[in-house]
Amino acid sequence: MTIIKKSSNKEKLVVSIFKYRYFLFQLVKRNFIIVYKQTVLGRLWPIINIFLQSGVFTIIFSKLLKLPTDDVPPFLFYMCGMLVWFFFQSNTLKTSQIFTNFGYFFSAAYFPRILIPVALILENFIFLVINFFIFVFIYLVMKVMGYTINTNFSLLIYLPLIFIYISFLSFSIGLVISCLSAKYRDLALISNHGLQLLFFATPIVYSSQFLSGSFKILNYLNPVSYPVVLIKSIFFSTELLPFEVLICNLITCVVLFCFSIFFFNKVSRNVVDYA
Amino acid sequence: MLNKSITVKNLYKEYEINVLDYKSFKKDLINFFGLEKFFKNYSKTQNKINALQNVNFEINKGDVVALVGENGAGKSTLIKILSNITEPSSGEITYEGKLIALLTINAGLAGDCTAKENIYFLAAMHGYSKKQIDEKLQDILDFAEISKFVDTPIKKFSGGMTTRLVFSTVLNFKPDILIADEILANSDDNFKIKCIKKLKQLNAEGTTILFVSHEKELIKNLCNYGILFEKGLTTQKIEINDCYQQYSEIDKKN
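Note that the protein sequences, when read in sequence, are chains Y and H. Heads up, the first sequence is in this note's numbering, so the first residue is 98 and it goes up one at a time. Heads up, the second sequence is in this note's numbering, so the first residue is 90 and it goes up one at a time.
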C-alpha cells in the first residue's frame with residue numbers, strides 16, 4: 098500500500114538507485130547516444146576538445162606569457178590539469194541545470210529524482226576515461242621521445258580517489274546551484290562566471306609554487322586545488338600541498354554533499370509546480 | 090466485500106499564481122527566515138489559488154472511473170498528485186499496487202532514439218527491469234502495430250504512431266491502476282477502438298482505470314462511474330450518466 102501526503106516522499110539515496118538501476122543505465126545510455134547525434138566526428142569530439150584547449154593554453158600561457166610549468170612540457174602540463182578540470186566543470190554545469198533541462202522528465206512520471214544528476218556524472222565519467230587514455234598515450238609517447246618526465250609511482254594508487262573526490266564535489270556544488278536556482282534562475286546565469294573564476298584560482302595553467310601571500314591561502318581553501326596538484330605530482334613528481342589542505346578539502350566535500358542531498362530532496366518534491 | 094483501490098481524504102492543492110520577480114523574491118526570503126514582524130508593509134496574502142479543495146472519494150478495485158470537468162477544474166492536478174509527481178498541500182491519498190499515469194505523450198521520448206530504445210527507456214522509467222521488458226517487447230510492438238519500425242528513430246514517426254507506442258508500452262505491463270489524461274486525442278478511430286477493447290480486457294483482469302477525455306461517447310462506452318470536477322471541488326464517485334447530467338447543468342449555468 099502506498100500513502101501520499103505532504104512530505105511523505107523521502108527517498109533513500111542508495112536504495113532508490115539500486116531499485117531503479119536499470120533506469121539509471123538507460124538514462125546514461127540515452128544521454129550518451131544523443132549528445133553527438135548529427136555530428137560527423139561523433140564521439141571524437143571530447144578528445145578534440147581537450148586537444149584544442151591544451152593547444153590554446155600552450156600558445157597563450159607558455160609561448161606568449163612565458164609562465165613556468167615546473168620544467169614539464171607545457172602541452173602535457175596543461176592537458177593533465179584539464180583532465181581534472183573538464184570533469185569537474187562538466188559535472189557541475191550539467192548538474193546545476195537539471196531542473197531546466199530535464200523538467201519534462203520530472204513531469205512525465207515518478208522516479209527517484211536523484212537518478213538524473215547521478216546519470217549525468219556517470220556519463221561524464223565515460224568521457225573522462227576516454228580522455229585519460231589519450232593523455233596516457235601522449236604521456237608515454239613524449240617519455241619515449243626523450244623528454245624528462247618523472248612518474249611518481251608511489252602516489253599512483255591515489256589516482257582513482259582523485260576522480261571519486263571530484264565526482265562527489267562537483268555533484269554537490271551542482272545540486273546546490275540547481276536547488277537555489279530552481280525558482281529564481283539568477284544564480285544559474287552567473288554560475289558560468291563563477292566557474293571561470295574558479296578555473297583561474299586553481300593551479301591548472303600555472304604551478305602552485307608560483308603563488309605567495311594571501312593567494313597561497315586562497316589556493317589552500319579552494320577544494321579543487323588539491324586534486325589538480327596531486328595529479329600533477331603523480332605524473333610529473335612536482336611538489337604536493339600540505340596534508341592539512343587535503344583534510345580541510347575532504348571536510349568541505351562531505352559537508353557540501355550532505356547538505357546538497359538534504360536540500361535536493363526538499364526542493365525536488367514540488368519542483369514541477371514552478372520550474 | 091469490495092476491495093478499496095484508491096482512497097482520497099481531504100485533499101488540497103495550492104498553487105502560486107504570481108509572477109516571479111524581485112517582489113515575490115523578497116516575500117519568499119521574508120517567509121523563509123520568518124521575519125514577518127520586522128517588515129511593516131508585509132502582507133501575508135500571497136496570490137494563491139486552490140486547484141483542489143477538500144477532495145474526498147473512494148474507488149474500488151476494478152472500477153473504471155471518468156474524471157469529468159471543464160479545463161482548469163483540477164483533473165490534471167489530481168492526477169499529478171496521484172502519480173507522485175507533486176505533493177498535496179494537505180490531505181492524504183492511499184492506493185494499492187502498481188500505479189502508472191500517462192500525463193503527456195511526448196515526455197520521456199527521444200526523437201533520435203529508435204522505437205525499441207524508447208520502449209526500453211519508458212518502461213524503465215516506470216520502474217520495470219530489463220528482464221520484464223524483454224518478455225513484453227514483442228507484445229508491445231504487435232499491439233502498437235510498429236513491428237516494422239523497431240529500429241527507426243521515432244522522430245520519423247507520425248503523432249499517432251508515437252501515441253500508439255507509448256500507450257501500448259504501458260498497457261502491456263498490466264499495472265494495478267492505470268491513469269490516462271487525454272492521450273487518445275490524436276489517435277485514429279481504429280486504434281481508439283482497439284485501445285478501448287484492451288482497456289476493457291485489462292479491467293476484466295482487475296485493473297482499476299481512471300480516464301480523462303472530453304469525448305463523451307468514448308467515456309460512456311468505457312466507464313461505469315464518473316467524478317465531476319468544478320473549480321477544484323469534486324463530487325463523490327457517481328454513476329456515469331448522473332455525472333454527465335450534472336455536468337450539463339453546470340454548462341447551462343455558465
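Glycine residues also receive a C-beta, built at the ideal position from the N, C-alpha and C atoms.
| message | Is there a Cβ of chain H sitting closer than 8 Å to that of Y/S61, yes or no? | response | Residue coverage of chain Y in this structure runs from 98 to 372, which leaves residue 61 of chain Y outside it and unanswerable.
| task | Tell me whether the beta-carbon of H/I148 lies closer than 8 Å to the beta-carbon of H/I95. | result | The sequence position of residue 148 of chain H within the second sequence is 59, counting from 1. The sequence position of residue 95 of chain H within the second sequence is 6, counting from 1. Yes.
| Close Cβ partners of Y/V125 (< 6 Å) along its chain, the five nearest in sequence each way excluded | Locating residue 125 of chain Y in the first sequence gives position 28, counting from the first residue. Once the five neighbours on either side are set aside, the close Cβ partners of Y/V125 are A216, L219, E220.
| query | Can you tell me whether DSSP reads H/Q334 as helix, strand or coil? | reply | Locating residue 334 of chain H in the second sequence gives position 245, where the first residue counts as 1. DSSP places H/Q334 in helix when its eight states are reduced to three.
| field | Under the three-state DSSP convention, the category H/N143 falls into | value | Here residue 143 of chain H refers to the residue found at position 54 of the second sequence. The answer is strand: DSSP assigns H/N143 an E or B state.
| request: Please state whether DSSP places Y/T166 in a helix, a strand or coil. | output: Translated into the one-based positions of the first sequence, residue 166 of chain Y becomes position 69. If DSSP states are grouped into helix, strand and coil, Y/T166 belongs with coil.
| field | Distance, H/K102 Cα to H/K137 Cα | value | Within the second sequence, residue 137 of chain H is the residue found at index 48, counting from 1. Within the second sequence, residue 102 of chain H is the residue found at index 13, counting from 1. So the alpha carbons of these two residues sit roughly 10 Å apart.
| Hey, is Y/N319 close to the ligand SAH, as in C-beta under 7 Å from one of its heavy atoms? | What this structure holds is no ligand at all, so the ligand SAH is not there to describe.
| query | So which of Y/L141, Y/V181, Y/F120 has the shortest CA-CA distance to Y/I263? | reply | Translated into the one-based positions of the first sequence, residue 263 of chain Y becomes position 166. For the residues Y/L141, Y/V181, Y/F120, the minimum Cα distance to Y/I263 belongs to Y/V181.
| task | Closer than 7 Å, Cβ to Cβ, to anything on chain Y: give me those residues from the region 215-237 of chain H, in chain order. | result | H215, G216, S218, K219
| message | Could you give the first and the last residue of the continuous alpha helix (DSSP H) run that contains Y/G178? | response | If you number the first sequence from 1, residue 178 of chain Y lands on position 81. Note, Y/G178: alpha helix (DSSP H), 171-193.
| query | Fully enclosed by the region 201-271 of chain H, which alpha helix (DSSP H) runs are 4 residues long or longer? | reply | 204-214, 219-233, 248-260
| request: In the DSSP assignment, find the alpha helix (DSSP H) that holds Y/N362 and state where it starts and stops. | output: For this step, residue 362 of chain Y is matched to residue 265 along the first sequence. Note, Y/N362: alpha helix (DSSP H), 340-365.
| So, H/P177 versus H/L100, is the Cβ gap smaller than 8 Å? | Taking the second sequence and counting its residues from 1, the one referred to as residue 177 of chain H is at position 88. Taking the second sequence and counting its residues from 1, the one referred to as residue 100 of chain H is at position 11. Result yes, Cβ atoms of H/P177 and H/L100 sit closer than 8 Å.
| query | Any idea what DSSP makes of H/Y298, helix, strand or coil? | reply | Residue mapping note: residue 298 of chain H aligns to position 209 of the second sequence, counting from 1. The amino acid occupying residue 298 of chain H in the given sequence is Ile; Tyr does not appear at that position. Of the three classes helix, strand and coil, the one that applies to H/I298 here is strand, per DSSP.
| said: Classify H/M90: buried if its beta carbon has 16 or more other beta carbons within 10 angstroms, exposed otherwise. | reply: Position 1 of the second sequence, counted from the first residue, corresponds to residue 90 of chain H. Summary for H/M90: the model assigns pLDDT 46, below 50, so the residue's position carries little reliability, and this model does not support an answer.
| said: With a threshold of 8 Å between beta-carbons, can Y/T99 be considered close to chain H, or not? | reply: Reading the first sequence from its first residue, position 2 is the one you call residue 99 of chain Y. So yes, Y/T99 belongs to the interface.
| request: Inspect the CB distances between the region 297-305 of chain Y and the region 156-175 of chain Y and report whether three or more fall short of 8 Å. | output: yes
| said: Quick check: what's the CA-CA separation for H/I266 versus H/A162? | reply: Your numbering for residue 266 of chain H matches position 177 in the second sequence. Your numbering for residue 162 of chain H matches position 73 in the second sequence. Distance between the alpha carbons of H/I266 and H/A162 is about 22 Å.
| query | H/V97 lies in the beta strand (DSSP E); which residues open and close that run? | reply | Within the second sequence, numbered from 1, the residue matching residue 97 of chain H stands at position 8. Taken as a continuous stretch (DSSP letters only), the beta strand (DSSP E) holding H/V97 covers 93-105.
| message | Any beta carbon from chain H within less than 8 Å of Y/N367's own beta carbon? | response | On the first sequence, residue 367 of chain Y is found 270 positions in, with the first residue counted as 1. Answer yes: the Cβ-Cβ gap between Y/N367 and chain H drops below 8 Å somewhere.
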